[in-house]
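K.L.:
The following block contains the structure, expressed as structure tokens.
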Amino acid sequence: MDIAEVARRTGVPASTLRFYEEKGLIASTGRHGLRRTFGPVVLDRLALIALGRAAGFTLEETARMFAPDGKPRVDRQMLATKADELDRTIRKLTAMRDGLKHAAVCPARSHMECPKFRRLLGAAASGVIGARAKPVAKRKPGPERAK
């Protein structure tokens, strides 16, 4: 099947298919005119790539899920590690959801007066929840601030 057919059947844009081929994630079987052609095995490979992406694997990690002959070779330890990472993310998101739900119905006059909302803010500020890569370093008072 040509690249347009693969794109139609998988929903993966042709530009992404070309990128995946460039990265060695998929391989074309030849060309029909100017269009790349692919064998039916590419559909399974693209499904595995999509699953890996949905689970949060990088393309490099996903590439390691294939043996040199192109057959799937999934590292079970890598799967277990990713599952543990997803568990941590789920716990953080659950705490965030619960805090936001509480804030939506909290009887406090201001969210800033709500202890539960303040804990949520503190967790976000410290990097415990949220997308921050690392907590902000606390500034030490310099000579001009020490007074």
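Counting along the sequence shown from 1, when you hit position 95 you're at 95 in my numbering, and nothing is skipped either side. Heads up, the beta-carbon is just placed ideally off N, CA and C, and yes, glycines get one too.
1) Quick one: Cα of L62 to Cα of G52, how far?
2) Please work out which residues of its chain come closer than 6 Å, Cβ to Cβ, to E144, disregarding the five sequence neighbours upstream and downstream, and give them in chain order.
3) Whole angstroms is fine: what's the gap from T29's alpha carbon to T81's?
4) Buried or exposed: which applies to I90, given that a residue is buried once 16 or more other Cβ atoms fall within 10 Å of its Cβ?
5) For D2, does the three-state DSSP call read helix, strand or coil?
6) Within the chosen definition, does the stretch 84-103 reach the stretch 111-131 through at least 3 CB pairs nearer than 8 Å?
7) Buried or exposed: which applies to M112, given that a residue is buried once 16 or more other Cβ atoms fall within 10 Å of its Cβ?
8) Expressed to the nearest angstrom, what Euclidean distance is found between the alpha-carbon atoms of L48 and E85?
9) What is the rounded straight-line gap between the Cα of L25 and the Cα of R118?
10) If you reduce the DSSP assignment to three classes, tell me which class P72 lands in.
11) Residue range of the beta strand (DSSP E) that G30 falls in?
P.N.:
In short, the structure shows the following:
1) Position 62 of the sequence shown, counted from the start, is the residue given in the question as residue 62. Position 52 of the sequence shown, counted from the start, is the residue given in the question as residue 52. In the sequence on display, residue 62 carries Thr and not Leu. Cα to Cα, the separation comes out at about 6 Å.
2) The count along the sequence shown starts at 1 and reaches residue 144 at position 144. With a pLDDT of 46 at E144, under the threshold of 50, the modelled position of that residue is not reliable, and the figure given next carries that caveat. Result list for E144: empty, nothing under 6 Å.
3) Position 29 of the sequence shown, counted from the start, is the residue given in the question as residue 29. Position 81 of the sequence shown, counted from the start, is the residue given in the question as residue 81. So the alpha carbons of these two residues sit roughly 34 Å apart.
4) Here the question's residue 90 lines up with position 90 in the sequence shown. I90 should be labelled exposed.
5) Taking the first residue of the sequence shown as 1, we reach residue 2 at position 2. Correct three-state label for D2: strand.
6) yes
7) On the sequence shown, residue 112 is found 112 positions in, with the first residue counted as 1. M112 is exposed by the Cβ-count criterion.
8) Locating residue 48 in the sequence shown gives position 48, counting from the first residue. Locating residue 85 in the sequence shown gives position 85, counting from the first residue. If I take the Cα positions, the gap works out to 19 Å.
9) As a working note, residue 25 is residue 25 in the sequence shown. As a working note, residue 118 is residue 118 in the sequence shown. In a straight line, the C-alpha of L25 is about 46 Å away from that of R118.
10) As a first step, residue 72 must be located in the sequence shown, where it is residue number 72. Strand.
11) The count along the sequence shown starts at 1 and reaches residue 30 at position 30. Note, G30: beta strand (DSSP E), G30 to H32.
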